[in-house]
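Visitor: Counting from 23, one number per residue, gives the positions in the sequence shown under our numbering. I have a structure I would like to understand better, so I am pasting it below and will then ask my questions one at a time.
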Amino acid sequence: MGKDVIIACDFASKEETLNFLDKFTGKKPFVKIGMELFYAEGPQIVKDLKARGHKIFLDLKLHDIPNTVKKSMAVLSRLDVDMTNLHAAGTISMMEGALEGLTRPDGTRPLLIAVTQLTSTDQERMEKDLLIKEPIDKVVMHYAHNAMAAGLDGVVCSPLEAGKVHETCGDKFLTVTPGVRFADGDIGDQKRVMTPAEAKKIGSDYIVVGRPITAAADPVAAYERCCTEFIG
Ligand code: C5P
23 MGKDVIIACD FASKEETLNF LDKFTGKKPF VKIGMELFYA EGPQIVKDLK ARGHKIFLDL
83 KLHDIPNTVK KSMAVLSRLD VDMTNLHAAG TISMMEGALE GLTRPDGTRP LLIAVTQLTS
143 TDQERMEKDL LIKEPIDKVV MHYAHNAMAA GLDGVVCSPL EAGKVHETCG DKFLTVTPGV
203 RFADGDIGDQ KRVMTPAEAK KIGSDYIVVG RPITAAADPV AAYERCCTEF IG
């Protein structure tokens, strides 16, 4: 899989999701299913969107003991998702277990991406709530390194961190970056944003775009604009 735009389908129901996706009559976009939609509709939503021809990033951010994560990943892998994720904070051994669980009998598996520190966690919260005293950039790079050591394919990070992750972990290690906004768009609650063109320049491999597409007056045009700016 090469560079692509992933649409964050942050909808509360299958009905809303299909109403939105029905607007796309040409290319089938790569879509992200998060906890809200998955918990509302169950695994069937993954099967339904797969059957309609979409690639799926299942964003459930697993974090538990290695054995539980391994077994859960085996279930997700059977759903035939293309990409899924977990928290790097679960340790290298949990990430290794996840990879083992994800790998299908024929040796294929979905891409596995680690969340390093959530962008909602800042230096102060990390120090006070988690008792991690190192600078947050160092923690993010350390977690990215752990993910690479465990054999994962990449990390979810801010587009502003993507260049540094590639410097630390190499160009083949994928960066999946949310926080993307058009230059003339509303940034909403995202704090550190980049345009699709800037994300391309800095080397993001996948951009995850929600509201700039889902809330646009013309979502198909907004998606195509993202693809043109990011993929070319
Ligand atoms: O609507 P918007 O483009 O801000 O959506 C971004 C998507 O990426 C949402 O699904 C959000 O949960 C997700 N995300 C994020 N920042 C992270 C990790 C995930 O915005 N650090």
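The C-beta atom is built at its ideal place from N, Cα and C for all residues, glycine as well.
With respect to the beta strand (DSSP E) encompassing I78, which residues constitute its N-terminal and C-terminal limits?
Guide: Unbroken beta strand (DSSP E) run through I78: I78 to L84.
Visitor: Hey, how far is the Cα of E183 from the Cα of Q139?
Guide: Each residue's alpha carbon lies about 12 angstroms from the other.
Visitor: Hey, would you say the C-beta of K11 is under 7 angstroms away from at least one heavy atom of the ligand C5P?
Guide: Nothing about residue 11 can be reported from this structure: the residues present for the chain run from 23 to 254 only.
Visitor: When you compare the segment 115-123 with the segment 139-149, are there three or more beta-carbon pairs, one atom per stretch, that lie closer than 8 angstroms?
Guide: They do not touch, by the three-pair rule.
Visitor: Count the other CB atoms, across all protein chains shown, that sit within 10 Å of the CB of A166; report buried if there are 16 or more and exposed otherwise.
Guide: A166 is buried by the Cβ-count criterion.
Visitor: If we ignore side chains and look at the alpha-carbon of each, how far apart do A243 and K155 end up?
Guide: Between A243 and K155, the C-alpha separation is close to 45 angstroms.
Visitor: Any heavy atom of the ligand C5P closer than 7 angstroms to the CB of A30?
Guide: Checking the Cβ of A30 against the ligand C5P gives yes.
Visitor: Our contact map puts H76 next to G112 with C-beta atoms below 8 angstroms; I'd like the distance itself, whole angstroms only.
Guide: Rounded, the Cβ-Cβ distance is 28 angstroms, inconsistent with contact.
Visitor: Can we count R233 as close to the ligand C5P, meaning its CB is less than 7 angstroms from some heavy atom?
Guide: Checking the Cβ of R233 against the ligand C5P gives yes.
Visitor: With a threshold of 8 angstroms, are at least 3 pairs of Cβ atoms found where one atom belongs to the segment 68-83 and the other to the segment 122-131?
Guide: The segment 68-83, when compared against the segment 122-131, does not touch it at the 8 angstroms Cβ threshold.
Visitor: Closer than 7 angstroms: is that where the CB of V178 sits relative to any heavy atom of the ligand C5P?
Guide: At least one heavy atom of the ligand C5P is nearer than 7 angstroms to the Cβ of V178, so yes.
Visitor: Does P157 pass the burial test, meaning 16 or more other C-beta atoms within 10 Å, or should it be called exposed?
Guide: Under this definition P157 is an exposed residue.
Visitor: Bridge partners of Y61, per DSSP?
Guide: For Y61, which the question treats as bridged, DSSP gives no partner whatsoever.
Visitor: Assuming D26 is part of the beta strand (DSSP E), what are its boundary residues?
Guide: Its beta strand (DSSP E) spans residues D26 to A30.
Visitor: Where DSSP assigns a beta bridge to N107, which residues make up the other side?
Guide: Note: N107 sits in a beta bridge opposite I135.
Visitor: Determine, for K77, whether the minimum Cβ-Cβ distance to residues of chain C falls below 8 angstroms.
Guide: The structure shown has no chain C; it contains just one protein chain.
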